[in-house]
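Those sequence lines, one after another, are chains A and B. The numbers in my numbering rise by one with no breaks, and the one at position 285 of the first sequence is 285. The numbers in my numbering rise by one with no breaks, and the one at position 13 of the second sequence is 1013. Note that CB positions come from ideal geometry on N, CA and C, so glycine has one too. Bear in mind the structure is a predicted one, so any value in this text is a computation, not a measurement. Since the structure comes first, as structure tokens, the remarks are kept for the end.
There are 2 protein chains.
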Amino acid sequence: MSYVAAIDVGGTTMKGGFVTRDGTIHAFERRPTPRADGPSAVVAAVSAFVADLARPRDGVRPLAVGLAVPGLVTPTHAVFSAAFGWRDVPASAFAADVPVPVALGHDVRSAGEAELAYGGDVRSAGDAGLAYGGDVRSAGDAALAYGDGRRDVLYLPIGTGIAGAVVLSGALYGGAGGWAGQIGHIPVRPGGVACGCGQRGCLAAYASGGALAARCGVDGAEEVLRRFLDGDARAAEVWGEAVEALALALTTYTLLLDPAAVVIGGGVSQAGEALLAPLRAALTGRLAFRRAPEVRASSLGALAGLMGAGLLGWRAVPGASGRS
Amino acid sequence: MSYVAAIDVGGTTMKGGFVTRDGTIHAFERRPTPRADGPSAVVAAVSAFVADLARPRDGVRPLAVGLAVPGLVTPTHAVFSAAFGWRDVPASAFAADVPVPVALGHDVRSAGEAELAYGGDVRSAGDAGLAYGGDVRSAGDAALAYGDGRRDVLYLPIGTGIAGAVVLSGALYGGAGGWAGQIGHIPVRPGGVACGCGQRGCLAAYASGGALAARCGVDGAEEVLRRFLDGDARAAEVWGEAVEALALALTTYTLLLDPAAVVIGGGVSQAGEALLAPLRAALTGRLAFRRAPEVRASSLGALAGLMGAGLLGWRAVPGASGRS
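So this is what it looks like as structure tokens:
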């Protein structure tokens, strides 16, 4: 069996493993991300993880390594990461003495690619058109005129932070300079809560896992959810404000880009219907003259980033296209 | 000289004329849009305008008619228009007894096409990348990696209402069902001013020409501008809130889609630097970790819609591609 090694570097945890062409993960392993120890410590920890996974096992070496990191990323550099304090870290810093190709990519965009490749039933644009109802009787026509064969999806992993993979007409969209998808920092509450990015009222300041935990004074978003389900008043308030902030962001995204679906991933999406049911209701309530897109949890869950790192690795294998 | 006829149906005025392949407008004419007289009256007025322009002059008939209307539009139907109360008006209703092809299209999207075809210097994505500065030293690399040869622009005509033409990678983007670009109704002020669309806090409820006039209790946006420049306190307040609402919308658009430029058109854009200078400052102030895109006025001004209608017409001429 041939495989690549893959690592998804998150704000709290690094996930690693071997990924086959069909997206199956073997030898899954988690390591803590030593974020508190500074920029170089995180680079060193990633580099050590890469070196360990690139080593031969039973005489077989992975064909390549795919490495997904947050921030602004090019194939040659981790240009900028607020989470880790990175500035212009060259890809080679993560790949000392590794004799196979190491491919660097953006965590959320890679996860979006995995969602496209492995995530299953993204509904067709024709379905989306038919789903518009009410008094717009020919919206099916509109879908036939504009939407045939396209796939227009926002993939929104909610982890320690929030970014989005903007999938338009079946492909990831990067924008003029590669900065598209910063939905975590759109001002959903002008003048609202201060965000670590330097702005106020950002989506991430209400709805990221980091914000949920900090606003409740607990260690993680799971604990906020547990307290909310147990009836804790502060947790209910924080959870409700997160849902409203997400609904505002998705209202804006829907009106601007008319997606067929929004796919929520990342650790916070594991709350399931405790998140999705009130979010769907709030989004529908805010849209007065059009239907809401489908809002669902990622079928890949928190492993989408690792599977996306695998796709990065497969694309770096000489002669391989990266998709099975 | 061969030409097509073109009509741009606005909320207040219909503009019509003949358009040559290079976008030159001849025999320009304005007629009032009889919006207050109901849906059928507007259809009848448009139909009469089409018939008049399609008539031969000096023995020469236009090769086709391009007709740009607001709302949700397919090539066969004006599916929905809140402004006119239209539901499923077939294109044929506008083209009774006209012996040349009549092409129906969306006003803002057509204006965006005209901006792309005739609007001149949309900056290259490479320029945009180099314009990112500060501590992100390799952002030029990012532009080279992601942005080469693309044109990523928001074209934002501000007239009686507000919609946007979302230009991504050099092409207009319609979304899954043809509803993309509804930037006029994104919730920039959650819970804010009631909008005619049924939502609250929409961009258009603060910054459209209609809202500017209504909030000042005057007849038109020009009068609001005049009073603002004359030092009227209420006009200054309304103008300032419009600028802030636009800055919020453009902050969100920039973070989501990373455009190289935002091109403001429509009647309100004729305010020039009285609008653009404070808008640029407010947008820059709201973006903490990235530069703002270029914000400029459309070089086509309020004629972009008519030139776009001309492109619709040229595309309907048998054997023509629609661009010179």
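Residue i versus the options, residue with shortest Cα-Cα distance
i, options, result
"residue 1029 of chain B", "B:1228, B:1011 and B:1006", "B:1006"
"residue 2 of chain A", "A:56, A:51, A:42 and A:9", "A:56"
"residue 1229 of chain B", "B:1288, B:1255, B:1299 and B:1275", "B:1275"
"residue 309 of chain A", "A:213, A:42, A:92 and A:70", "A:70"
"residue 1065 of chain B", "B:1036, B:1237, B:1092 and B:1010", "B:1092"
"residue 1239 of chain B", "B:1255, B:1257 and B:1214", "B:1214"
"residue 81 of chain A", "A:59, A:105 and A:60", "A:105"
"residue 256 of chain A", "B:1200, B:1295, B:1282 and B:1162", "B:1162"
"residue 1284 of chain B", "A:12, A:199 and A:234", "A:199"
"residue 1253 of chain B", "B:1095, B:1086 and B:1153", "B:1153"
"residue 1151 of chain B", "B:1157, B:1158, B:1171 and B:1160", "B:1171"
"residue 41 of chain A", "A:117, A:89 and A:109", "A:89"
"residue 119 of chain A", "A:316, A:297, A:292 and A:313", "A:297"
"residue 318 of chain A", "A:286, A:103 and A:157", "A:103"
"residue 1068 of chain B", "B:1060, B:1027, B:1113 and B:1271", "B:1113"
"residue 190 of chain A", "B:1241, B:1179 and B:1115", "B:1241"
"residue 1289 of chain B", "A:293, A:243, A:202 and A:237", "A:202"
"residue 1292 of chain B", "B:1026, B:1260 and B:1197", "B:1260"
"residue 1094 of chain B", "B:1077, B:1038 and B:1278", "B:1077"
"residue 1049 of chain B", "B:1083, B:1220, B:1016 and B:1024", "B:1016"
CB-CB length for residue i against residue j, believed under 8 Å
i, j, result
"residue 209 of chain A", "residue 262 of chain A", "That pair is no contact at about 18 Å."
"residue 165 of chain A", "residue 181 of chain A", "6 Å"
"residue 1155 of chain B", "residue 1207 of chain B", "Rounded, the Cβ-Cβ distance is 16 Å, inconsistent with contact."
"residue 8 of chain A", "residue 300 of chain A", "Incorrect: roughly 11 Å between the Cβ atoms, too far for contact."
"residue 1258 of chain B", "residue 184 of chain A", "In fact, because the Cβ distance is near 14 Å, the residues do not count as touching under 8 Å."
"residue 1011 of chain B", "residue 1159 of chain B", "6 Å"
"residue 35 of chain A", "residue 14 of chain A", "In fact, because the Cβ distance is near 10 Å, the residues do not count as touching under 8 Å."
"residue 1302 of chain B", "residue 1266 of chain B", "6 Å"
"residue 356 of chain A", "residue 51 of chain A", "No answer is possible for residue 356 of chain A: it lies beyond the span of chain A, which begins at 1 and ends at 324."
"residue 1101 of chain B", "residue 1316 of chain B", "4 Å"
"residue 1168 of chain B", "residue 173 of chain A", "6 Å"
"residue 1109 of chain B", "residue 1314 of chain B", "Between residue 1314 of chain B and residue 1109 of chain B the Cβ distance is about 15 Å, and since that is not below 8 Å, they are no contact."
"residue 244 of chain A", "residue 282 of chain A", "6 Å"
Interface residues of chain B facing residue i [CB-CB closer than 7 Å]
i, result
"residue 185 of chain A", "1255"
"residue 161 of chain A", "Within chain B, no residue comes near residue 161 of chain A; the closest Cβ sits about 13 Å away, beyond 7 Å."
"residue 248 of chain A", "1187 and 1190"
Neighbouring residues, chain A, relative to residue i (Cβ below 8 Å)
i, result
"residue 1270 of chain B", "Per Cβ cutoff of 8 Å: no residues; residue 1270 of chain B is ~25 Å from chain A at best."
"residue 1251 of chain B", "186 and 187"
"residue 1207 of chain B", "Result: empty, since nearest Cβ-Cβ is about 14 Å, beyond 8 Å."
Closer than 8 Å at the beta carbon, the chain B residues around residue i
i, result
"residue 197 of chain A", "1288 and 1289"
"residue 152 of chain A", "1175 and 1176"
Residue i: contacting residues in chain A (beta-carbon distance under 7 Å)
i, result
"residue 1173 of chain B", "168"
"residue 1180 of chain B", "256, 257 and 258"
Under 9 Å by beta carbon: chain B residues contacting residue i
i, result
"residue 103 of chain A", "Simply none; closest approach about 13 Å."
Within-7 Å CB hit, residue i to chain D
i, result
"residue 1094 of chain B", "The displayed structure is made up of protein chains A and B, and chain D is not among them."
Sequence ranges, alpha helix (DSSP H) only - wholly within the stretch 1219 to 1264 of chain B, length at least 4: Runs of the alpha helix (DSSP H) inside the stretch 1219 to 1264 of chain B: 1221 to 1229 and 1233 to 1257.
Validate contact between the stretch 1243 to 1258 of chain B and the stretch 1225 to 1232 of chain B using beta carbons, cut 8 Å, 3 pairs: With the cut-off at 8 Å, the stretch 1243 to 1258 of chain B and the stretch 1225 to 1232 of chain B do not touch.
Ranges of the beta strand (DSSP E) found wholly within the stretch 1054 to 1084 of chain B, counting only runs of at least 3: Correct list: 1065 to 1069 and 1077 to 1081.
Every unbroken alpha helix (DSSP H) within the stretch 1266 to 1321 of chain B, with a cutoff of 4 residues, ordered by chain: Runs found: 1273 to 1286 and 1304 to 1316.
Runs of alpha helix (DSSP H) wholly within the stretch 1017 to 1055 of chain B (minimum 4 residues, chain order): With a minimum length of 4 residues, the continuous alpha helix (DSSP H) runs that stay inside the stretch 1017 to 1055 of chain B are 1039 to 1054.
Segments assigned alpha helix (DSSP H), at least 4 residues, entirely inside the stretch 1187 to 1223 of chain B: Scanning the stretch 1187 to 1223 of chain B from its first residue to its last, the whole alpha helix (DSSP H) runs of 4-plus residues come out as 1204 to 1207 and 1209 to 1216.
Whole runs of the alpha helix (DSSP H) within the stretch 93 to 123 of chain A, excluding any shorter than 4 residues: If we require 4 residues or more, the alpha helix (DSSP H) runs fully inside the stretch 93 to 123 of chain A come out as 107 to 118.
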